[in-house]
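Residue numbers (the UniProt record's numbering), protein chains in the order written: chain X, 1 to 220; chain G, 1 to 220. All C-beta atoms in this analysis are idealised placements derived from N, C-alpha and C, irrespective of residue type, glycine included.
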DNA sequence: TCAATAATGGCAAATAGTGCCATAAAGGCG
DNA sequence: CGCCTTTATGGCACTATTTGCCATTATTGA
């Protein structure tokens, strides 16, 4: 086991594994094409081969990146939800959520309008596509531990606390439902301004937290 | 168009469609066998043909009852979550949730210990099986509209209200997380009594609702 | 250039699911 | 009881999904 001792400084000698970031980008590229095809023809009418062709990959390699064709949309969804969560993470204590949403512009830098559109389209499609619905819920569940950390920091408690985890799940549900409402409104032709979106989000978070996290209506 | 007028009293002449209840029982029977096989051999090692054979159906008919082998576990999960939701529906205003959980025994009549075990086993497996996890989340999402009605009744508001829907999602998350904790504890060999389960559930609901629904700690 | 390692692609095979049609089962009616 | 109608099931072929295996290619260090 002298090898074990040297393990930490063992230099790899061949081709290095794909970097995490490069793999992430590749998955995102596939994801965008998959969403485009799903929107154009529908999920059932899009085959794994179609997606692979659109990206310029072999089918075999596609299945190395994703376990199913539906899960191809996951990176685009995660991109948007991660931006949401990051925005919440930057929400300073003592300010209202609405003020923060107006003041914090980094979310618009983090996710392009095209990806935002794509996400809302997938959420709208998920009303009819059980596989997409399941994926959407899974994506939001994965946000819960991150939100638990945010809540824990804010309340000065442990992220393992049952109350903290429940509060995080609550926050996730508020974000999710607001997004679903927005997607439904857009899909059904009811337009909505970004400002109203922010207000609805604040309302949802307030309904979910009852002010425990320190947000107050801006008029108060 | 005269046919349209008579449509309501048109008597069917051939074999009647399977009753909703019979179809539900058939799905439940399949579900129990599927869970049994999944527990014994794992999901990947269980094929659709295995499930069909266990129930005594042809594979073709199995796929008429379920769209995928993983979704076969859905009826057992729904059985348990429905019982949970029904218990909440019977929760009288003005009493603490813990008192209600102790007093209301109908949940134990509604779901057998075997089905409860099966549900917890599936939840435990869902930590490693993405398809089961997705299904579990979908089952709980379907409970949200029902819970929204419960919340709406309790608060005298519309079940369409954003705040009501968010509160319902919050309640669903509390139930879900409590169940997941219980499943994890059981799977990891940490026993837990029913009483403690009720206490944890009350704690979760209280953390989620902040007393808005009228529950109070029994000591208060 | 050579050796080593990782990514990709091609092919075959197993599994998952669907469409189509034949047959069996369950009713009503004479 | 046979006759007719409708539904549930089963069998078969077929497509799609997904994985294992191996050859090929690409990328790195020596």
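Nearest-angstrom Cβ-Cβ length linking residue i and residue j, presumed shorter than 8 angstroms
| i | j | result |
| --- | --- | --- |
| residue 123 of chain X | residue 179 of chain X | 6 angstroms |
| residue 120 of chain X | residue 183 of chain X | 4 angstroms |
| residue 149 of chain G | residue 209 of chain G | No, residue 149 of chain G and residue 209 of chain G are not in contact; Cβ-Cβ is about 16 angstroms, not under 8 angstroms. |
| residue 111 of chain X | residue 79 of chain X | 6 angstroms |
| residue 118 of chain G | residue 32 of chain G | 7 angstroms |
| residue 137 of chain X | residue 74 of chain X | Their Cβ separation, rounded to whole angstroms, is 12 angstroms, which puts residue 137 of chain X and residue 74 of chain X out of contact at 8 angstroms. |
| residue 104 of chain X | residue 87 of chain X | 6 angstroms |
| residue 154 of chain X | residue 68 of chain X | Not a contact, Cβ separation roughly 37 angstroms. |
| residue 43 of chain X | residue 70 of chain X | 7 angstroms |
| residue 162 of chain X | residue 204 of chain G | 6 angstroms |
| residue 231 of chain X | residue 152 of chain X | What is shown of chain X runs 1 to 220, which leaves residue 231 of chain X out entirely. |
Min CB distance residue i to chain G below 9 angstroms
| i | result |
| --- | --- |
| residue 149 of chain X | no |
| residue 195 of chain X | no |
| residue 45 of chain X | no |
| residue 141 of chain X | yes |
| residue 185 of chain X | no |
| residue 210 of chain X | yes |
| residue 153 of chain X | no |
| residue 174 of chain X | yes |
| residue 39 of chain X | no |
Neighbourhood of residue i by C-beta, 8 angstroms cutoff - its chain only, sequence neighbours within 5 removed
| i | result |
| --- | --- |
| residue 59 of chain G | 48, 49 and 52 |
| residue 129 of chain G | 43 and 70 |
| residue 181 of chain G | 200 |
| residue 12 of chain G | none |
| residue 28 of chain X | 75, 76 and 79 |
| residue 196 of chain G | none |
| residue 133 of chain X | 126 and 127 |
| residue 186 of chain X | 120, 124 and 192 |
| residue 61 of chain X | 52 |
Neighbour flag for residue i against chain X, beta carbons, 9 angstroms
| i | result |
| --- | --- |
| residue 88 of chain G | no |
| residue 138 of chain G | yes |
| residue 34 of chain G | no |
| residue 166 of chain G | yes |
| residue 12 of chain G | no |
| residue 30 of chain G | no |
| residue 130 of chain G | yes |
| residue 119 of chain G | no |
| residue 178 of chain G | yes |
| residue 190 of chain G | no |
| residue 170 of chain G | yes |
| residue 27 of chain G | no |
| residue 218 of chain G | With a pLDDT of only 47 at residue 218 of chain G, under 50, the local geometry of the prediction cannot be trusted, and the value read off the model is given with reservation. By this cut-off, residue 218 of chain G is not an interface position. |
| residue 135 of chain G | yes |
| residue 204 of chain G | yes |
| residue 53 of chain G | no |
| residue 181 of chain G | yes |
| residue 19 of chain G | no |
| residue 162 of chain G | yes |
Option in the options with minimal Cα separation from residue i
| i | options | result |
| --- | --- | --- |
| residue 200 of chain G | X/197, X/27 and X/165 | X/165 |
| residue 202 of chain G | G/152, G/82, G/23 and G/95 | G/95 |
| residue 24 of chain G | G/68, G/56 and G/76 | G/76 |
| residue 125 of chain X | X/145, X/115 and X/38 | X/38 |
| residue 147 of chain G | G/114, G/57, G/105 and G/84 | G/84 |
| residue 26 of chain X | X/93, X/68, X/161 and X/56 | X/56 |
| residue 107 of chain X | X/198, X/186 and X/40 | X/198 |
| residue 170 of chain G | X/185, X/206 and X/190 | X/206 |
| residue 113 of chain G | G/90, G/15, G/62 and G/194 | G/194 |
Cutoff 7 angstroms; reference residue i; Cβ partners in own chain excluding five residues on either side
| i | result |
| --- | --- |
| residue 140 of chain G | 81, 172 and 176 |
| residue 157 of chain X | 164 |
| residue 64 of chain X | none |
| residue 72 of chain X | 30, 31, 34, 51 and 66 |
| residue 54 of chain X | 33 and 37 |
| residue 5 of chain G | Per-residue confidence for residue 5 of chain G stands at a pLDDT of 45, beneath the threshold of 50, marking its modelled position as unreliable; no derived number is given. |
| residue 18 of chain G | none |
| residue 14 of chain G | none |
Chain-order list of residues whose beta-carbon lies under 6 angstroms from that of residue i (same chain, five-residue window excluded)
| i | result |
| --- | --- |
| residue 89 of chain X | 150 |
| residue 131 of chain G | 70 |
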